[in-house]
Amino acid sequence: MHLTPREQEKLLIFTAAEVARRRRARGLRLNYPEALAIITAEVLEGIRDGRTVSELMANGVKILSREHQACDDSPPHPMTASPLSTPPHPTSPHRGEEKR
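When you number the sequence shown by my numbering, it's gap-free, plus one each residue, and the end is 1110.
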């Protein structure tokens, strides 16, 4: 079976979500990646069902309750900027503007 990278990613999300659901069913608290996998899988299924963005947003906040919060009460690690995502130099022109 040959899957596109997008299909591989969706399959990985689904698999991670299934593992997380089984752990949640056993009464275990979810870590951040597990919680994110469940939320992402539910949103992807909602997209497939043809739900609107506002419906997805309204349902997204109801997927997990406080009792399923991450194992530790600390927020996830802050995202760090990669070298590929550095902001433009302050003196460089903005898109659509000419350099003076």
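Where a beta carbon is used, it is the ideal one built from N, C-alpha and C, also for glycine.
Secondary structure at Ile1073: coil, using DSSP grouped into helix, strand and coil. When the Cα atoms are used, Ala1068 and Thr1062 turn out to be separated by approximately 10 angstroms. The DSSP-derived three-state label of Gly1056 is helix. Taking the Cα positions, Leu1040 is about 7 angstroms away from Arg1034. Burial check for Leu1022: the Cβ neighbour count within 10 Å stays below 16, so the residue is exposed.
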